[in-house]
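First up is the structure itself, then whatever we jot down about it.
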Amino acid sequence: MPVNIDEELKKAEVLIEALPYIQKFNRKIIVVKYGGSAMVDEELKRKVIEDVVLLKLVGFKPIIVHGGGKEISSWVKKSGMEPKFVNGLRVTDEPTMEIAEMVLNKVNKSLVSMIQDLGVKACGISGKDGGMLHVKKKLSAGEDIGYVGDVDDVNPEIIHALLKDDFLPVICPIGFGSDHHAYNINADDAACAIARAVDAEKLAFLTDTEGVFRDFEDKNSLISELTTAEARKLLAGGTIGGGMLPKLNNCIDAVENGVSRVHILDGRIPHCLLLEIFTNKGVGTAILGEDAEHFYNTNI
Ligand SMILES: Nc1ncnc2c1ncn2[C@@H]1O[C@H](COP(=O)(O)OP(=O)(O)O)[C@@H](O)[C@H]1O
Ligand SMILES: CC(=O)N[C@@H](CCC(=O)OP(=O)(O)O)C(=O)O
1 MPVNIDEELK KAEVLIEALP YIQKFNRKII VVKYGGSAMV DEELKRKVIE
51 DVVLLKLVGF KPIIVHGGGK EISSWVKKSG MEPKFVNGLR VTDEPTMEIA
101 EMVLNKVNKS LVSMIQDLGV KACGISGKDG GMLHVKKKLS AGEDIGYVGD
151 VDDVNPEIIH ALLKDDFLPV ICPIGFGSDH HAYNINADDA ACAIARAVDA
201 EKLAFLTDTE GVFRDFEDKN SLISELTTAE ARKLLAGGTI GGGMLPKLNN
251 CIDAVENGVS RVHILDGRIP HCLLLEIFTN KGVGTAILGE DAEHFYNTNI
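For the sequence shown, the residue numbers in full-length UniProt numbering are 1 to 300.
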């Protein structure tokens, strides 16, 4: 078949356009929080993993922190129990903790296999490995919700060791308490704590909605940029609900604690991560520090 030179040139142009972004993020740590429905659909899962593998191969240092809430709920039901949440956090009694740990480890190893099949070394760990995520028991509005942890100390040594040896760390949100018990951590909380501890350049939350909506019922109200002050105002206004509450609070926390770029992206859009990193198209919602200039003009 004859080569279509125009088509081939377009491919070359795409690569050249990516050059400044590749330079900007070279050797920089990017934490990707991966959860929601983008994790349930096998086709999408593959695309997310391909993106992260590409980031690794062009010289970034990606870290995946994953959830698996939907799969945990499905196994809780299979065990004859009813999943229960308070303010977006799973009520985690002893049997639920056991299920959560088993399911998250299973998800963890399946992500590791997918990455390795694409030729990148990956290592799956939980927050218990290397004493990484120490937690204290988390109450939800004063209510005891069982073995749910709030990260109060991160030891990033194991992450740095893996990055140094060129492994892609894949981390599941299980921590340990001073009582040596395993604790279930909301994966957004875990991703934020890890991004802060490793001084990540970027933290991207891949979720199952387009981004943050001013009013979730109004699909024309998607917000592309939000300062931390605006985010606080929005949270106080009562139009942010469900899992977006902890997510947005974590975004504010990350921005105010040294993570330069924080994004909420629609994990249902194939290759959303590449679009966000290698273009200035502004997919999803960017959360900015108070002194940030207009983000998409200052992306590079
Ligand atoms: N104003 C809002 N903007 C965006 N999402 C919202 C809003 N209010 C509530 N949500 C809910 O938050 C969900 C995202 O959080 P969550 O389900 O925890 O995602 P994940 O499983 O990816 O961590 C959305 O699917 C949506 O149902
Ligand atoms: C305490 C708590 O709620 N932990 C979460 C951990 C998994 C998670 O956060 O998964 P997603 O990111 O896919 O929602 C849970 O048990 O569902």
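Each residue gets a CB set at the ideal place from its N, CA and C atoms; glycine is no exception.
Start and end residues, beta strand (DSSP E) containing residue i
| i | result |
| --- | --- |
| residue 265 | 261-266 |
| residue 61 | 61-66 |
| residue 288 | 285-288 |
Neighbourhood of residue i by C-beta distance below 6 Å, restricted to the same chain and skipping five residues each side
| i | result |
| --- | --- |
| residue 148 | 89, 92, 138, 184 |
| residue 160 | none |
| residue 22 | 58 |
| residue 94 | none |
| residue 55 | 62 |
Pairwise C-alpha distance: residue j and residue i
| i | j | result |
| --- | --- | --- |
| residue 151 | residue 135 | 4 Å |
| residue 242 | residue 212 | 12 Å |
| residue 180 | residue 154 | 15 Å |
| residue 371 | residue 52 | Absent from the structure is residue 371, since the part of the chain shown begins at 1 and ends at 300. |
| residue 18 | residue 28 | 16 Å |
| residue 168 | residue 157 | 14 Å |
| residue 296 | residue 107 | Confidence at residue 296 is low in this model, with a pLDDT of 44, below 50, so its placement is unreliable and no value can be given for it. |
| residue 248 | residue 9 | 41 Å |
| residue 116 | residue 171 | 15 Å |
| residue 64 | residue 4 | 38 Å |
| residue 189 | residue 228 | 17 Å |
| residue 191 | residue 254 | 9 Å |
| residue 104 | residue 77 | 16 Å |
| residue 163 | residue 186 | 24 Å |
| residue 126 | residue 101 | 9 Å |
| residue 316 | residue 232 | Here the chain comprises residues numbered 1 to 300, so residue 316 is not present and cannot be evaluated. |
| residue 287 | residue 123 | 30 Å |
| residue 142 | residue 289 | 30 Å |
Chain-order list of residues whose beta-carbon lies under 8 Å from that of residue i (same chain, five-residue window excluded)
| i | result |
| --- | --- |
| residue 128 | 174, 175, 176, 182 |
| residue 294 | Caution is warranted here: a pLDDT of 49 is assigned to residue 294, below 50, making its placement in the model unreliable, and no coordinate value can be reported. |
| residue 201 | 25, 28, 29, 30, 259, 260, 261 |
Three-way DSSP call (helix, strand, coil) for residue i in this model
| i | result |
| --- | --- |
| residue 134 | strand |
| residue 173 | coil |
| residue 124 | strand |
| residue 216 | coil |
| residue 32 | strand |
| residue 74 | helix |
| residue 193 | helix |
| residue 118 | coil |
| residue 207 | strand |
| residue 91 | coil |
| residue 98 | helix |
| residue 113 | helix |
| residue 40 | coil |
| residue 52 | helix |
| residue 107 | helix |
| residue 84 | coil |
Limits of the unbroken alpha helix (DSSP H) element including residue i
| i | result |
| --- | --- |
| residue 248 | 244-256 |
| residue 225 | From DSSP, residue 225 is part of no alpha helix (DSSP H) but of the beta strand (DSSP E) over 225-227. |
| residue 20 | 5-25 |
| residue 201 | Looking at the DSSP string, residue 201 is not in any alpha helix (DSSP H), and its letter there is neither H nor E. |
| residue 277 | 272-278 |
7 Å Cβ shell around residue i - same chain, five flanking residues per side excluded
| i | result |
| --- | --- |
| residue 268 | 37, 38, 44, 208 |
| residue 130 | 155, 157, 158 |
| residue 40 | 70 |
Inset, instruction - Ignoring anything shorter than 3 residues or poking outside the segment 142-191, list the beta strand (DSSP E) runs there in chain order. - result: You should have 143-154, 168-172, 174-176, 182-184.
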